[in-house]
Structures are given as C-alpha cells and as structure tokens.
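J.: Before I ask anything, let me first share the structure, which is written out below as structure tokens.
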Amino acid sequence: MGVINLRQWKKLALSLMLSVVATGGALTGQGILQPEHVSAAANAVPAYEVKFLGNPDTVLNSDGTPRSNVLETLGLASSPQAIRVEYFDTNLLELNNAGWDVRFRKKADKSDYELTYKKRYPVVNGDIQAALTLANKEGFDASDDNYEAEIDWGYSKQTLSFSNTKKVSTKTAGAVLPPEQEALELLLDKLPGKLKNWSSSNWGKQKLTASRAHGPLTFERYEGTWNGQELTLEVWPVRDGAGTGIQNIVEISFKTASISTASGVRSELMSLLKAKGWLIPEDGLKTQLILERY
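Going letter by letter, the sequence shown gives residues 1382 to 1675 in my numbering.
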C-alpha cells in the first residue's frame, strides 16, 4: 500500500472527525472508533425512614406524655424537644395535590428556622425503582445535591420524597415561629426553581403566594437508641375532625441509609409494637390531616 501524503491524511482525519460527530462516537486510546453512549444522570439513591403509628390509648398518659414503660422499652430520653411547625398551601391545597408540601418550623434548641420544600411520589407495589425513574424524568436524579431522596416506609405503604431544606438564622429563642406573612415571605425568598416552575413558568411561585398557614402546632420529639438504632417517638397534638378538641398522633420512627437495616429493624420494631399493643396497623396521614383541619 502506498504512503499517504499530507493532503490525504488531512482528508482522512476530517472524515474520521465527521464520523465521530455524526455517530456520537469517540476515539479510544487504542485508536478504535466506538460509540459514546450519552445518557441522563442515574436515578437518585434514597435513604429510608421507617414510620409506625403508635396507639395513643396504650402509649400515652392522660396528659399526652409517653408512659414510662414505653420510654424505657424503646430506650428513649424522658425529656423531649419541642418543635413548632406549620404548612403553607392554598385553600384548595393545590401544592399538595401536585405532590408538593411546604413546611416552616423551628426547633426549641436551634437558632434558625427550617424551610422545607418536599416533592412526593407514591411507590406502587413496592417498586421503588419505578418511582425513582419517574422522579428522574421530572428532574430529580442522582446529580441533584439540593434534594435529599428518602423512602418513607410505613405499615403497608411506601412513599418516595425529595426534600430541599433551607435554614434562616433568627434571634428568636425557643419553638416560636414568626408572623404568618413573614414566614411566607421567607418561603418565597428561598423558593427552589423546581417548585417555582413546576408545571409552568412561575406556577409554584403563584400558588405559594396565594397560600396561607395551616397550623401552627407544637409537637414533642423523644429521642433514644433501641437495638443499636437511633429511634424517635413524636407526639403531635392535631386538631380533631370536629375542630373542638385535640387528637394526639403518635409516630415512632427511625432513619437509615441501608435498605437491609430498614427492612430488618422494621420487622423487629413492628413485632415489638404489636406484642406490646402499642401499634396502630395503619399508615399515617399526619401532614394531610394538618392541611385539612387547619
């Protein structure tokens, strides 16, 4: 075969370059032309929060505090942390109906407000990957470090959520929230782009601007360690359906990054709660109740 002159070499090189552009390929270190598969970011990798509803009749004293044998059995401290919370949505709950919840809260021992914007996806028939793939198509993937992916695993249901939490410093002491309009202005100021333009340009901003506070209420969180796993018990005094009294909602939960830990400890905890008569065999709708009753 004859020697390729400079003009022929340039022509061949240009041909190869055009081939790369046309086919989406790349030249490897071995000089072999191979296709370059450009794909979207991978699905997010979620952590897990296992949640059970506790029976207030068997878990709580008459004053709404946990019974001493419950605290002792679950390894929980007797002194709780108070947390003040409210949710923002329109009267028609348009944010919630689109899978979004917007929360404003303040922990008694912290010097900042927590502003959380959460998008939810139902997990159907335990297919977590299907929910993650749908979320990926809507912009929530492994490359987005602004949102924390989590599987909320209840008695019989799982929900995938993506939470974006912003913190705003405050000199306010204790579990105290600012006036409603001030809280809303802070939420609008920190509004993430995904919610702002969720279904159309400025959709989320318009809905949040038209929102009001649902709440507030103060719940108490008891923390401890059970079987080597950090555990919490929360007591939420939620307005009852008639609007004349309080319904205490008890939630017992733990978080882990491991699905095997979530599954194994969940089974152990469920067995204990059932054996003690402390479990309500249902899934919780705490946020939904607050949105509807306040």
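The C-beta atom is built at its ideal place from N, Cα and C for all residues, glycine as well.
1) For a test of the three-state rule: what should DSSP assign to Trp-1481, helix, strand or coil?
2) Out of curiosity, what's the CA-to-CA distance linking Ser-1443 and Leu-1568?
3) With distances taken Cα to Cα, identify the nearest neighbour of Gly-1645 among Asn-1608, Ala-1458, Ser-1492, Leu-1541.
4) If you reduce the DSSP assignment to three classes, tell me which class Ser-1634 lands in.
5) With a threshold of 16 other CB atoms inside 10 Å of the CB of Gln-1510, please say whether the residue is buried or exposed.
6) Under a Cβ-count criterion, where at least 16 other Cβ atoms within 10 Å of its own Cβ denotes burial, should Val-1610 be classed as buried or exposed?
7) With contact counted as at least three CB pairs below 8 Å, one residue from each stretch, are the segment 1532-1539 and the segment 1461-1471 in contact?
8) For the 8 Å Cβ check, are there 3 or more pairs between the segment 1489-1501 and the segment 1547-1562?
9) Could you spell out where the alpha helix (DSSP H) holding Ser-1652 opens and where it closes?
10) I believe Ala-1556 touches Lys-1488 by the beta-carbon criterion, under 8 Å. Please report the beta-carbon distance rounded to the nearest angstrom.
11) Just to confirm, are Thr-1439 and Trp-1659 a CB contact at a threshold of 8 Å?
12) In chain order, what residues of the same chain have a beta carbon less than 8 Å from the beta carbon of Leu-1654, not counting five sequence neighbours either side?
13) Measuring CB to CB, does Gly-1456 end up less than 8 Å from Leu-1612?
14) In its own chain, which residues sit with a C-beta less than 6 Å from the C-beta of Asn-1527, not counting the 5 before and 5 after it?
T.: So, from the data block:
1) For Trp-1481, the three-state secondary structure derived from DSSP is strand.
2) One C-alpha to the other measures close to 37 Å.
3) Minimum Cα distance to Gly-1645 is reached at Asn-1608.
4) Here Ser-1634 sits in strand by DSSP.
5) Only exposed fits Gln-1510, as fewer than 16 other CB atoms lie within 10 angstroms of its CB.
6) At residue 1610 the sequence reads Gln, which differs from the Val that was named. Buried, by the Cβ-count rule.
7) The segment 1532-1539 is not in contact with the segment 1461-1471.
8) Touching, per the Cβ criterion.
9) Here the alpha helix (DSSP H) through Ser-1652 covers 1640-1657.
10) Sure, about 7 Å apart at Cβ, within 8 Å.
11) Yes, they are a contact pair.
12) Apart from the 5 residues on each side of it in sequence, Leu-1654 sits with its Cβ closer than 8 Å to the Cβ of Phe-1433, Gly-1435, Ile-1633, Leu-1660 in its chain, given in chain order.
13) For the 8 Å CB-CB criterion, Gly-1456 and Leu-1612 form a contact.
14) Result list for Asn-1527: Asn-1545, in chain order.
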